[in-house]
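Step one of this worksheet: look at the structure below.
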Amino acid sequence: MTTAERIPAAEPLLRIEGLKTYYPIKRGLLSRTVGNVKAVDDITLNLYQGETLGLVGESGCGKSTIGRSIVRLENPTDGRIWFDGEDITNRSMSDLRGARMKMQMIFQDPYSSLNPRMRVQELLAEPMRVHGVAGGAELEAKIDKLLDTVGIPRSYKQRFPHEFSGGQRQRIGIARALSLNPKLIVCDEPVSALDVSIQAQILNLLKDLQKELGLTYLFIAHGLGAVKYISTRIAVMYLGKVVEIGTKEEIFANPRHPYTQALLNAYPVPDPRERGQERIVLQGDVPSPANPPAGCRFHTRCPFAQAKCKEQEPILRGGDHAAACHFPLAAL
Amino acid sequence: MSAVEAPVPVAGGVAIPAQPERSEGAFRQMARRFVKHKLAVVGFVVTLLLIFIAIFAPWLSPHSPYAVTAEFSAAPSASHWLGTDQVGRDVLARLLYATRVAVIVGFGTVAIYVTFGTVVGLLSAYLGGWVDLIVMRVTDMFMAFPYMMVILVVVSVLGPTLGTLVLVLALFSWPSIARLVRGSVLTLKQMDYVKAGIALGLSTPRIVFRHILPNALAPIIVNATFGVAAAIMAESGLSFLGMGVQPPTASWGNMLTDAQSISVMTDQPWLWLPPGIMILVTVLAINFVGDGLRDALDPKQ
Amino acid sequence: MLTYVIRRVLIAIPVLFGITIMNFVIINLAPGNPVDMYMTPDTPPELLELRKEQLGLNDPIIVQYFKWLGQLLSGNLGYSFSTSESVGSLIGERLGQTMLLGIAALILGLLIALPIGIMSAVKQNSKFDYLMTGLSFVGTSIPQFFLGLLCIYIFAVQLGWLPVGGTETLGGGGGLGDRLWHMVLPSIALAVGIAGRKVRYIRASMLDVLKQDYLRTARAKGLKEFIVTNKHALRNALIPVITVVGMEIPMLFGGAVIVEQLFQWPGIGQLTIQSILSRDYSTIMGLNLVAAIVVLGANLLTDIFYSVADPRIKYH
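Residue numbers (the working numbering), protein chains in the order written: chain B, 1 to 332; chain H, 333 to 633; chain L, 634 to 949.
Right, dumping it as structure tokens:
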């Protein structure tokens, strides 16, 4: 990783500020809203052109919700989203069409991400046809090229999704996402459902594509291992909040938030210099996102929690390598 | 179908066919699986036969179903293969013409209620909110009606013409398919390929008609097939009670009404056994087809 | 749980209202009115008018409806236009007869369906299985009136084993045996359809259970042993069946009309037809209301039972 790739460009491609996405909880006789599941609770992030931001956290931390909120598959409850210089937070569905072309999504489950009744050819042609990108012979040529790019033989164009393996379906999904020449791709755990050997293939493909096409990725995963290979920066989430963010090297070498450290302990690191400090084992269960703990959300499971942690919520601070902790771990 | 691993194109490696291979479409596959059910195939053939009879009844029957010949309540003979009824009309002719009634009622009812119910179910599931709530309550209301009793009331009030009959039967059948479609659509809405479609900027009508509906078709088709059989059953029951198709128009149901009298039942079995058997055979055949379709369209491969 | 039940009941009330309104509207669309039934060429028109007044038929429809509603809320279902008896008592005395038939049919249907369904599952894909599947289709496809006619023809007329209709032998002493004897044929007419429907369901349910224990019970040595070793499994398989029985109740109402007419069984089915033919509006309203309540109640009970049996189902 050269220094040039680490320095972000001046203006972020994607900026989210104060993003909140809540799901109402309805109970009782009249379906009154008794509370909210605070899936994404006040997140501010920048994503720069050409980088890959890895977003990790346990189930229920809100990482997938952020991804969907950005692409507007979910509607944010509060906050703003800027993409490519434009505020897309409150755009209606029809106004979003232009933006839609520039940001795309790859999904986790290869078995439900492709319409089982459509042949591969049709799956890839549809978005281009709908947006008027190409037609006729030119369309065919583009489809062929897309298939080549992701490593699916052209002769399989007329097959149905169920005739392909999981890894191949993900490739087709990637091809579909690429068809509109996006700038940003949100990858929602794209390799979690695949066999380990296939994971490597897909990750390599994504990396190559990034280099070739100058793509920007938001790579969502639930473990640090998955994002290590592909990310430039990593953000760690817990119960709807970002608890630490920094470059990949920093996160792995000098984790500052106890939660990050705990995640690292779960991920086998061969290099002893990268192992961080003491081993942290977390107690207890993840609290419910409908009712997050007061103060620092992590304090109920943090081995270093102190009185202040129970009362005051820490803010994310520290510049390029920031952590939301009152007592961040010392650097090595 | 076993998964095919894509061989990486390498010079001198695995040969890749020059022409794209075209896998068989959904319809072919369904037809292939359908044919494996012998009973379903038999049912299908019988159904076609009945439609044929319905269309060509005038050419097939020896007499007019309305013409009164001299002998009444006559036993089967050379000129009247199934004898004559109380008024003197040829039973065979009435039997054949009654096929038309059955086919019209069966397919007409289904055509109406499937179209209406599917549209309502689609809208209800996709729009959600108030629309969904109202539709659910309305279907609850209709489904709570004791079917037969209310149909009797309505038919007796509006007059038992074929048209009213079809409309009334359709009126009480659409809620269940609306619920069915709504359920399917709600499930399909969660599919990633629908979400991908939204992310790709596809318009809502396109997503609904190109992505959701084709994947929801299977249960609709099965329901519709069984619906034809149910409509024919219902019509014959109503006609039997005198609340359905009225004589002189012949319907298998109303040909059985007179059999309630013991003397007719014992002395003139040719009057009521054939129409009863026809109803049984028709409903049975269509049910077999429905069962075959259900298995053929089952997504679990 | 309790909130769920209360909610369902509360929702059911507007549904019932809707039903009664619809009924009322439909009935009043009819040409003619109950009083016309009594018209003879000699009847003086003033008498007809008087009767109409008495029955409240000259009021605007809305007024009539609310009068009926008011009566209902004070526990009165009104009075039959034809016989002037209380609708409530009319229905009451006949409801028992229909329920008797219904319960007998259900029991008979299950008695037939259970062993067949279980055996079909145990001997899956055997000739027996295919035969039973075919027969179950015949059971659901045969029109009830035709089956009834056949039964009467064969058993009552030709063989003389069973009576043709009615609940008791005329002039006979009555008694339980006689009544049971009269119940046989109508119950069969209803039960065959029920059995046909249930056999497939029981078979599928049993197959699911068998699949789970398949490795343990590698060789099904026979039904008895299977039941002994898998009492628990059998019970699990039966729970959905019991809930499905709840679904049969609305169907029984429909079947009741035809079968009661055919066998001259004095239940509410027969009453329905009579009151429709004589345009006895108040009885029709009462009948439909009672039937709707029974159907809604059966649905609710089925759902409750199902949720109790399967605690995975959550209600919000």
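Idealized CB from N, CA, C, for every residue including glycine.
Rounded straight-line distance, which links the Cα of residue 552/H to that of residue 360/H: Approximately 18 Å, taken between the alpha carbons.
Chain H within 8 Å of residue 116/B, Cβ atoms only: Judged by the 8 Å Cβ criterion, residue 116/B is in contact with chain H.
CB of residue 281/B within 8 Å of CB of residue 260/B, strictly: With a cutoff of 8 Å on beta-carbon distance, residue 281/B and residue 260/B are scored as not near each other.
Minimum Cβ-Cβ distance from residue 602/H to chain L less than 8 Å: So, not an interface residue.
Simplified DSSP state of residue 564/H, which is helix, strand or coil: Helix, per DSSP.
Within-8 Å CB hit, residue 628/H to chain B: Answer no: the Cβ-Cβ gap between residue 628/H and chain B never drops below 8 Å.
Buried or exposed (CB count within 10 angstroms, at least 16 for buried), residue 33/B: Burial call: exposed.
Rounded Cβ spacing between residue 295/H and residue 130/B (contact assumed at less than 8 Å): No statement about residue 295/H is possible, as the shown extent of chain H runs from 333 to 633 and does not include it.
Cutoff 7 Å; reference residue 881/L; Cβ partners in own chain excluding five residues on either side: If you ignore the 5 residues before and after residue 881/L, its C-beta comes within less than 7 Å of the C-beta of 739, 827, all in its own chain and listed in chain order.
is_contact[residue 533/H, chain A] using C-beta, thresh 8 Å: Among the protein chains of the structure shown, namely B, H and L, there is no chain A.
Whole-Å CB distance - residue 572/H paired with residue 375/H, under 8 Å assumed: Residue 572/H to residue 375/H, Cβ: 24 Å. No contact.
Any 3 or more C-beta pairs closer than 8 Å across the segment 729 to 743 of chain L and the segment 881 to 896 of chain L: The answer is yes - the segment 881 to 896 of chain L touches the segment 729 to 743 of chain L, with three or more Cβ pairs under 8 Å.
Pairwise C-alpha distance: residue 197/B and residue 163/B: Computed Cα separation, rounded: 20 Å.
Outcome for residue 466/H when other beta-carbon atoms lying within 10 angstroms are tallied against a minimum of 16: Under this definition residue 466/H is an exposed residue.
Run of the alpha helix (DSSP H) containing residue 458/H, from where it starts to where it stops: Residues 423 to 459.
Cβ of residue 71/B within 8 Å of any chain H Cβ: Taking Cβ atoms only, chain H reaches closer than 8 Å to residue 71/B, which makes this a yes.
Against chain H: residues of the segment 158 to 172 of chain B by CB proximity under 7 Å: Of all residues in the segment 158 to 172 of chain B, only 158, 159, 160, 162, 163, 164, 165, 168 come within less than 7 Å of chain H when Cβ atoms are compared, listed by chain position.
Status (buried if at least 16 other CB within 10 Å, exposed otherwise) for residue 653/L: Looking at its Cβ environment, which holds 16 or more other Cβ atoms inside 10 Å, residue 653/L is buried.
Span of the beta strand (DSSP E), counted from its first residue to its last, around residue 623/L: Because chain L spans 634 through 949 in this model, residue 623/L falls outside it and cannot be assessed.
CA nearest to the CA of residue 912/L, picked from 657/L, 729/L, 641/L: Across the set 657/L, 729/L, 641/L, the C-alpha of 657/L shows the shortest separation from the C-alpha of residue 912/L.
Short CB-CB distance (under 8 Å) between residue 527/H and chain B: Residue 527/H counts as touching chain B.
Closer than 8 Å to chain L by CB, residue 441/H: No, residue 441/H does not count as interfacial toward chain L.
Beta strand (DSSP E) segment containing residue 604/H, residue limits: It is not in any beta strand (DSSP E) - residue 604/H instead sits in the alpha helix (DSSP H) that spans 601 to 628.
For residue 114/B and residue 169/B, believed in contact at Cβ under 8 Å, the rounded distance: With a Cβ gap of about 6 Å, residue 169/B and residue 114/B count as contacting.
Where the alpha helix (DSSP H) through residue 517/H begins and ends: For residue 517/H, the enclosing alpha helix (DSSP H) begins and ends at 494 to 521.
Residue closest to residue 308/B, alpha-carbon to alpha-carbon, out of 292/B, 245/B, 283/B, 326/B: 326/B is the residue among 292/B, 245/B, 283/B, 326/B whose C-alpha sits nearest the C-alpha of residue 308/B.
Residues from the segment 580 to 591 of chain H in contact with chain L, defined by Cβ distance under 7 Å: Residues passing the 7 Å Cβ filter: 588, 591.
Whole-angstrom C-beta distance between residue 505/H and residue 559/H, which should lie under 8 Å: Confirmed, Cβ separation roughly 6 Å.
Own chain, CB closer than 8 Å to residue 319/H, minus 5 neighbours either side, in chain order: The question about residue 319/H has no answer, for chain H in this structure spans 333 to 633.
Reduced DSSP secondary structure (H/G/I, E/B, other) of residue 15/B: Under the three-state reduction of DSSP, residue 15/B is assigned to strand.
Minimum Cβ-Cβ distance from residue 237/B to chain H less than 8 Å: For residue 237/B, no CB of chain H lies under 8 Å from its own CB, so it is not counted at the interface with that chain.
Proximity of residue 542/H and residue 456/H at Cβ, strictly below 8 Å: Judged by their CB atoms, residue 542/H and residue 456/H are not nearer to each other than the 8 Å cut-off.
Residues from the segment 447 to 462 of chain H in contact with chain L, defined by Cβ distance under 7 Å: Residues: none.
Within-8 Å CB hit, residue 355/H to chain B: So, interface residue.
Completely contained alpha helix (DSSP H) runs for the segment 37 to 114 of chain B, where each covers 4 or more residues: Counting only runs of at least 4 residues, the segment 37 to 114 of chain B fully encloses the following alpha helix (DSSP H) elements, listed from N- to C-terminal order: 63 to 70, 97 to 102.
Close beta carbons around residue 127/B, own chain, < 6 Å, minus the five adjacent residues each side: Residues of the same chain with a CB within less than 6 Å of the CB of residue 127/B, apart from the 5 flanking positions on each side, are 179, 180 in chain order.
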